Amino acid sequence: MIDYQLPKLYLKLFEWFCRTELFEELQGDLEEAFEENIKLYGARKARNIYRLEVLKMIRPSVVGFGQFYSKFNHLIMFKNYFKTSMRSMMRSPLSSFINVFGLSVAIGICLIVYAFIDQDISVDQFHKNKHEVHVVTAFSNEDGELLQYGQTPLPLAQMLEKDFPQIDQVCRIEDLGIVLKYGDKVFHERVRMVDPTFLEMFTFPMQWGDTRSLKDPNSIILSDEMSVKYFGDLNPVGKDLLMKFEDEYIKSFTISGVAAPFPKSHAIDFDFLVNFENIRQAETAYDPANWNRSINATLISIRNPSNIDVISDGMDAYKLLQNESNPNRPIESFALVSIANLHAASNDIINGISYGMRKEGWVILSIMAGFILLLACMNYINIGIVSAAKRLKEIGVRKVIGANRGLVIIQFLAENVLLTFFALLFGLFLAYSTFIPWFNGLFGRGLELVLMDIDLWIFLFGMLLLTGLASGIYPALYISKFQVVGIFRGSVRLGKKNPLTKIFLTFQLILAFIAISGGVWFTQNNAYQSTRSWGYEPSEALYVDVPDQSAFDQLYASMSQNPNVLSISGSSQHLGHGMPKVTLDLPDRKYEVGQFAVDAYYFETMGLDILEGRAFKPNLESDKRAIVVNEQFVHNLALQQPIGEIVKMDSSRFEIVGVVKDFHNWDFDTKIQPMIFKVAATKDFRYLSMKVRSGKQSDVYQGLREEWMGHFPNTPFQGGYQEGVFSGYFDYLDSSAEFMRALAIVAIILASLGLYGLITLNVSGRVREFSIRKVLGASVQSVATMITKQYVLLFVLSMLIGAPAGYFLIETLFDTVFAYHMPMNYSGLIISACFLVSVLLSTIFTQVRKISRSNPVDGLKVE
Amino acid sequence: MKGSNLGEFQEIVLLSILILDDEAYGLKIQQELSTRLKRTMSRGALHTALTRLEEKGFISSHTGGATAERGGRRKRFYTLTNAGKESLKQARELREEMWSLVPKLGLS
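In order, the protein sequence lines correspond to chains A and B.
Sequential numbering of the first sequence, starting at 1, is according to my numbering.
Sequential numbering of the second sequence, starting at 864, is according to my numbering.
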């Protein structure tokens, strides 16, 4: 006997993974061979052979974890747990439904949030060189605030390329509004002028044509969307497009490529791409060395990451150059932002090529989803505790046959994870089939759940563990605590006296309370926003974009004949359509304000109220040095006597002659900014606006369009109702209110279901008691009062906490999301209180009805 | 059914069980095969083949008495069933028939 020489570890390993019934035979053979091998080759080699043989035993026909099973027998018990939990789920379909349904709705909502965030962080991540390509941004001090700009001086790119050998490629981007013509199709378009390196830095594969064609200044590349707009499904490569630049210069471009459709998650894209050199034709005063001229973006590609710091440090030298030629907006420093980080940072970058990621959206959505998930988990905990009363005997039997407390806990948790698993599948289905399409319809976002995405499954697995354990651990601990003797003697009082059930219910009611009042308030705020005064009268105003003065004159001549037109005005800017900034020279600092250049009739036409002073006089020359300011301007500069004040602008002096009431030039999410009006030169008129007789808006609009078609068949019509300028914003508001309402409804359903389930279980647990009471002559009313009494205190308590909490929470939310929201009121609180009370009463009513109709004999028979 | 066709390895295993007769248990079969095939073969690989053969009904097994040199563990002996013998015979006939059809030239 020399078995002590057997490699112990390998023997153990073999014993562990080998099927129990095979172990004797196989280990016998191995051991016999081992001893022979000792004689043949010596102990050392024999041991090595043994090790090898054991490893080679790892094959399907041998591996069975036989020993493992017998040592951890509760793994076998899982099969049994599965059966018992299926049975208990079937036995109380109501509470199982409440649990599974509630959890799956909550998980479905969490999946919306997941898809939302997932989409947000994957924006522009498909570019192969996203870590190498950097956007140059400039920091500039604006009225005491350090702001980051995406726009950079025109000569910067070429300077960088010349000075830094570490830079592999540079690319300039400038966007230009042009008129594009193909056949009889004429549209206003934005064309992106870029260096040929653009398509090497970004990954935009071509569907037709060649990326290298961008080197040719006469060729143009289209996006898929634009190709479809002009040519349908045809391949347009080789066709010519006519482009009209702002100064009437017309140039023909040959289509040399069409990009493949852009991925859904992108912020940077293009409609048309042409070579940057076209800027020479587009701009008569083009000067490549003009540091005062800034372009939309300057990109550099740095392959070696260690060079990034060298370059950003070295760029300080350009500050001087820039600031000498443009002293109005001195640059403090430059910073590089890689394409991979651009979307996340773009909220802080002004005028960048990428648009922002709304982190507030993440936070708000996550809070809501967490809210709903919490509600659902609490439902589970409550119902779990109460319904365990029905399973006490089972637990008792398990304990008697040898389950310790840990095993009972494991059993309950396993059941719970199973239930959560069902909820997860159903929630995934809900999210996939209903929630996400609904969300996309509301907000026009292309959210999607990619079922092949591994991250999604990691998230789901995390959800499974989190919700499964969070909702199950307390009931498991609570139930497993009871002593066997107590269970069988029937002395265990479950559920009714448990203070935690009451705390959870209260908490749940508070959450529901907040959710319902939130839904009410959001709806109300929406109504408020849509009727909020814009500060002027948009309903009677029409406007149209005119290309030049002669067009203005022609339209003016014909429209002034129309008896329904009350007044006509010309302006360089128009309310709701962008506002250039000008810098005022105040004695102590520079101050930036928005500027509108208008004629004397503009205030009357748009219904702007002059609060103090006067509007411009019709003779344009006389008011050349006069300005009208808004209330915000007066407020910000703390002017006591605004009329007659002098401000300096472009080294000229202007006198304030009037103050106009504050009005919304942007949507209500944006604070009203200080603005000034000055007199526009007739040759600079770009907008024609009209005030029309009320009720005749559409007639005049039709007339306007016809006039336009008659005069300018080759220029697209760009005009409309002034009321329509924020329609996108109001659509968005409607959508978010609908979303809030939907969440409120879900919260209501969950809370009601929870309440209903709890009361029902509570009543059914006391059937015997009620039956005895009935037999002894208790009236229906007294039974109803008895049940109600339990919950009244909870309700009062939850409302006392929920009302101020909800009020405060929603007010904070409003303050962060909307710049102007409705004044808070109490109707949300009242409505939600009424609602919850009515749910409580109707639930109790159905239960009492059931008791009053039942035969007490049946109730007494219940064991 | 997976079919009653014999793989080449399985055929050799069956033959060595026949050769070993009363002494046909795991280790002996393994050693027999290793010397015949002139290459080492693990006990695990043999076990898989034996399981297959038993599933197909070509062999049957019974446990013998305990032996001291095996740490007191019992041996499992294998014997061919009639089906096993039949399929061996078929395999042999198939081969001989095919050999007879080979033109003499082919072998030179």
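No residue lacks a Cβ here, since even glycine has one placed at the ideal position from N, Cα and C.
All values derive from a computational prediction rather than experimental measurement.
Helix, strand or coil at residue i [DSSP, three-state]
i	result
A/Y687	strand
A/D858	helix
A/Y820	coil
A/L761	helix
A/E621	coil
A/G66	Since pLDDT at A/G66 reaches only 49, below the 50 mark, its modelled position is unreliable, and no value is offered.
A/W208	strand
B/R955	helix
B/K938	strand
A/K399	helix
A/Q125	coil
A/G495	In this predicted model, A/G495 has a pLDDT of only 48, less than 50, meaning its place in the structure is not dependable; the value taken from the coordinates is given anyway. Three-state result, A/G495: coil.
A/N290	coil
A/M315	coil
A/I568	strand
Minimum Cβ-Cβ distance from residue i to chain A less than 8 Å
i	result
B/T914	yes
B/L878	no
B/E932	yes
B/G889	yes
B/T942	no
B/T911	yes
B/K952	no
B/K948	no
B/K901	no
B/K919	no
B/R955	no
B/R937	yes
Below-8 Å beta-carbon distance, residue i vs any chain B residue
i	result
A/A33	yes
A/G66	Only weak support is given to the placement of A/G66: the predicted model assigns it a pLDDT of 49, under 50, and the question is left unresolved by the model.
A/E15	no
A/S471	no
A/Q5	no
A/G42	no
A/E132	no
A/L30	yes
A/S61	yes
A/L373	no
A/L26	yes
A/S21	The sequence given here places Glu at residue 21 of chain A; Ser does not occur at that position. Judged by the 8 Å Cβ criterion, A/E21 is not in contact with chain B.
A/E448	no
Residue i: contacting residues in chain C (beta-carbon distance under 8 Å)
i	result
A/K56	Within the model displayed, chain C is absent; protein chains A and B are what it includes.
Where the alpha helix (DSSP H) through residue i begins and ends
i	result
A/D240	Segment 240–244 is the beta strand (DSSP E) holding A/D240; no alpha helix (DSSP H) there.
A/R693	That residue, A/R693, is in no alpha helix (DSSP H); it is neither H nor E in DSSP.
A/R44	43–56
A/Q554	549–559
Best match in the options for proximity to residue i [C-alpha to C-alpha]
i	options	result
A/V783	A/S764, A/S852, A/G486, A/F808	A/S852
A/G613	A/E592, A/V582, A/E645, A/G594	A/E645
A/Y81	A/L418, A/S752, A/V692	A/L418
A/A267	A/R172, A/Q697, A/H343	A/H343
A/T254	A/D210, A/S294, A/N296	A/D210
A/L375	A/E145, A/M90, A/L509	A/L509
A/G238	A/S92, A/I221, A/V775, A/E225	A/I221
A/L111	A/A43, A/L6, A/P437, A/A403	A/P437
A/D684	A/S569, A/M690, A/T523, A/P93	A/S569
A/S622	A/V679, A/T788, A/N99, A/T816	A/V679
A/I279	A/D195, A/L299, A/D269, A/G361	A/D195
Where the beta strand (DSSP E) containing residue i begins and where it ends
i	result
A/L222	219–222
A/I676	675–679
B/N868	Element bounds for B/N868: n/a, residue is neither H nor E.
A/N304	Neither: A/N304 is in no beta strand (DSSP E) and is coded neither H nor E.
A/N275	272–275
A/L542	541–545
Whole beta strand (DSSP E) runs in the region 135–189 of chain A with 3 or more residues, listed along the chain? Taking only runs of at least 3 residues, the beta strand (DSSP E) segments lying wholly in the region 135–189 of chain A are 145–149, 169–182.
As an exercise, report each continuous alpha helix (DSSP H) stretch of at least 4 residues that is fully enclosed by the region 607–662 of chain A, in chain order. DSSP runs (the alpha helix (DSSP H)) wholly in the region 607–662 of chain A: 631–636.
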